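Here's the structure we're looking at; comments come further down.
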Amino acid sequence: MERAEPGRLDRPDPAGPGQPQPRERTRPGPRRPTRADMRLRDLSLRQDPDLRQELASLARGCDFVLPSRFKKRLKAFQQVQTRKEEPLPPAASRSIPTFYFPRGRPQDTVNIDAVITKIERTFAQFPHERATIEDMGRVAKACGCPLYWKGPLFCSAGGERTGSVSVHKFVAMWRKVLQNCHDDAAKFVHLLVSPGCSYLVQEDFVPFLQDVVNTHPGLAFLKEAAEFHSRYITTVIQRIFYTVNRSWSGRITCAELRRSTFLQNVALLEEEADINQLTEFFSYEHFYVIYCKFWELDTDHDLLIDAQDLARHNDHAISTKMIDRIFSGAVTRGKKVQKEGKISYADFVWFLISEEDKKTPTSIEYWFRCMDLDGDGALSMFELEYFYEEQCRRLDSMAIEALPFEDCLCQMLDLVKPQTEGRITLQDLKRCKLANVFFDTFFNIEKYLDHEQKEQASLLRESDSEGPELSDWERFAAEEYDILVAEEAAGDPWEDGYEAELSPMEQKLSALRSPLAQRPFLEAPGSLGAVELYEYECGDDDLPPS
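Structure, rendered in structure tokens:
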């Protein structure tokens with residue numbers, strides 16, 4: 001009998017005697033760790049609560065012996081931390097050029113020292129090297145500025161306080177302007193703004209416009225009627241903000257000034273002797289038409305009109321609901337402007353221009369604000385019906401059959417083509433070329449009937465016509481001025497009825513109503529006058545014209 005080997009037990013042969021024996025399995029050798037295993041090990045090291053607790057104890061200065069099962073883990077953890085602390089190579093970064101220039105893009109071609117030298121030579125021609133307001137025209141040309149920047153240049157250098165400007169003070173001021181302001185818009189704003197301010201408000205334009213009134217040949221006849229200076233200046237300021245201040249904030253920024261044509265019009269003041277040719281801002285004829293329209297409505301002549309006064313405009317053409325919306329504060333600003341249910345002459349300027357030309361962006365925004373009763377930024381069908389109800393009642397009183405609201409609504413939706421069904425937005429009306437027809441349909445009975453008499457095709461031809469044609473406002477102002485001149489030539493009083501003796505103010509208006517071509521243009525310029533700001537704010541102490 002054979003002896004069994006030590007450590008080995010006899011087991012029955014599963015294959016049985018005489019059968020082939022299965023191959024004996026061999027245990028695989030140690031496997032090389034893969035990268036995934038290393039990541040899992042690193043993660044387990046960071047998440048092991050026991051190891052984190054022991055390491056925290058070491059950090060606190062505890063003296064103990066680590067168990068043997070932590071030694072290898074601690075070594076691996078230290079290696080991971082060392083790899084983490086290795087500085088990474090700096091990433092390749094691209095240098096992004098400056099793209100925002102709030103004060104204009106700097107010009108490399110400007111030689112500041114050469115400009116200063118030219119200014120110093122100009123000042124050397126004046127007594128004691130001091131310039132008065134009459135001398136600032138030559139100084140403005142030496143600075144490379146339009147002629148009518150002379151007023152802002154004089155005031156910015158402190159000349160308004162002392163009556164003259166020294167060469168050293170002016171050079172210091174202009175050098176700072178050239179270093180910090182790099183285009184005309186930034187320079188003009190810097191000259192007019194109050195210290196520490198970056199935008200223009202209405203009062204900032206008063207000294208500049210007063211100098212225009214005093215020295216422009218096309219306004220020389222106004223020297224005889226100084227009380228009209230502030231009225232003209234108020235009108236021009238409101239027209240500037242109406243056109244330039246697209247944000248309705250009451251503050252004109254450099255960006256808004258750059259996007260407008262105001263500075264180009266200021267430059268044209270030097271070239272154009274007839275100021276009525278500058279119809280966008282400075283036209284005296286336009287001022288005269290606006291002021292006469294206001295004077296007719298302001299029966300008590302306190303420079304304020306209420307809702308009943310405004311309703312008489314154009315023979316009660318505008319609906320009472322729209323008049324109420326104008327006085328609700330939707331398009332007026334400030335407590336001083338709107339008090340006790342009255343609006344000022346400044347607000348009337350905005351109203352009249354918006355009423356007579358409903359195609360400009362500002363006028364579309366003006367009437368959209370009035371019609372948007374809930375202020376949600378869209379005109380609903382309820383809001384349209386609210387205004388159209390009064391139109392229907394007025395048409396019935398005139399024995400004219402009114403179009404049902406449903407049919408009128410279909411026509412208006414076809415006209416505007418809103419992007420969202422059931423809502424008309426401000427952008428929809430700005431894209432529409434017949435926004436004036438839309439607005440007149442809902443609150444101006446006279447113009448609504450005029451549009452109904454015209455075919456829509458003819459309206460589209462008028463809106464699509466290209467060329468230097470007059471705007472609706474320019475056409476209205478020219479027609480109204482001709483009517484006023486014709487009334488003066490015929491000797492008719494303003495109001496219908498019997499001949500009455502004109503009041504002192506009406507006599508002055510009558511004198512100013514004559515065509516400007518008959519007025520002398522080349523009178524000696526006056527000094528830079530001051531305009532009281534109360535006339536722009538319409539406070540309690542407003543004085544009636546005398």
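Under UniProt numbering, read the sequence shown as residues 1 to 546, first letter to last.
Note that CB positions come from ideal geometry on N, CA and C, so glycine has one too.
On a predicted model such as this, the values are computed, not experimentally measured, just so you know.
Q. Counting pairs of Cβ atoms below 8 Å between the region 344-357 and the region 472-482, do you hit three or more?
A. yes
Q: Tell whether a beta-carbon distance below 8 Å holds between F387 and F442.
A: yes
Q.
Does the structure place the region 252-264 close enough to the region 188-200 that three or more beta carbon pairs sit under 8 Å?
A. yes
**Q.** Beta-carbon proximity of R103 to H182, cut-off 8 Å
**A.** yes
Q) Taking buried to mean at least 16 other C-beta atoms within 10 Å of its own C-beta, is H316 buried or exposed? A) exposed
Q. What separation, rounded to the nearest whole angstrom, lies between the Cα atoms of S247 and T299?
A. 34 Å
(Q) What does DSSP give as the partner residue(s) for T425 in the beta ladder? (A) A378
Q. Taking C-alpha atoms, which residue in L379, L413, H286 lies nearest to residue 552?
A. Since the displayed the chain opens at 1 and closes at 546, residue 552 lies outside it and no answer follows.
**Q.** Residue burial classification, R325 (beta-carbon count within 10 angstroms, cutoff 16)
**A.** buried
**Q.** DSSP beta-bridge partners of A490
**A.** Beta-bridge pairing links A490 to no other residue.
(Q) So, with DSSP's three-state summary, where would you put F306? (A) Residue 306 is actually Asp in this sequence, not Phe. Correct three-state label for D306: strand.
Q: Sort out for me which residues DSSP pairs R130 with in a bridge.
A: S166
Q | Spatial neighbours of Q419 in its chain, beta-carbon cut-off 7 Å, leaving aside the 5 residues before and after | A | D428
Q. Counting Cβ pairs, one atom from each stretch, are 3 or more of them under 8 Å apart for the region 289-303 and the region 217-224?
A. no
Q: Locate the beta strand (DSSP E) running through I343, then write down its first and last residues.
A: 342-344
Q. DSSP state of T362, grouped into three classes?
A. helix
Q) Counting pairs of Cβ atoms below 8 Å between the region 164-171 and the region 233-242, do you hit three or more? A) no
Q: Let me know the secondary structure DSSP gives L268 once reduced to three states.
A: helix
Q.
According to DSSP, is T420 part of a helix, a strand, or is it coil?
A. strand
Q) How would you label T122, buried or exposed, when you count the other beta carbons within 10 angstroms and need 16 or more for buried? A) buried
Q. Which first and last residues belong to the alpha helix (DSSP H) in which H316 is found?
A. Counting along the chain, H316 falls outside any alpha helix (DSSP H), and DSSP gives it neither H nor E.
Q. From this set, S380, L384, V201, F154, which residue's C-alpha is nearest E256's C-alpha?
A. V201
Q: Output yes or no for whether 8 Å exceeds the beta carbon distance between Y284 and Y232.
A: yes
**Q.** Strand pairing of N444, partner residues [DSSP]
**A.** I318
Q) Roughly how many angstroms separate the alpha carbons of M381 and E421, rounded to a whole number? A) 10 Å
(Q) Rounding to the nearest angstrom, what Cα-Cα distance links A273 and E401 in this structure? (A) 52 Å
Q | Bridge partners - A200, DSSP secondary structure assignment | A | Checking the sequence, you will find Leu at residue 200 rather than Ala. DSSP, once it has assigned bridges, lists I252 as partnering L200.
(Q) Could you tell me the alpha carbon to alpha carbon distance between E383 and A311, rounded to whole angstroms? (A) 21 Å
Q | Straight-line gap, L278 to N265 (C-alpha atoms, nearest Å) | A | 7 Å
Q: Taking only the alpha-carbon atoms, compute the straight-line gap between E227 and A399 and give it to the nearest angstrom.
A: 47 Å
Q. How long is the line joining the alpha carbons of M322 and E203, rounded to whole angstroms?
A. 30 Å
Q. In or out: D211 buried (at least 16 other Cβ within 10 Å) or exposed?
A. buried
**Q.** Inter-residue Cα distance where the pair is I119 and A267
**A.** 20 Å
Q) In three-state terms, what does DSSP make of I96? A) coil
Q | Neighbour-count burial assignment, S95, 16 or more Cβ in a 10 Å radius | A | exposed
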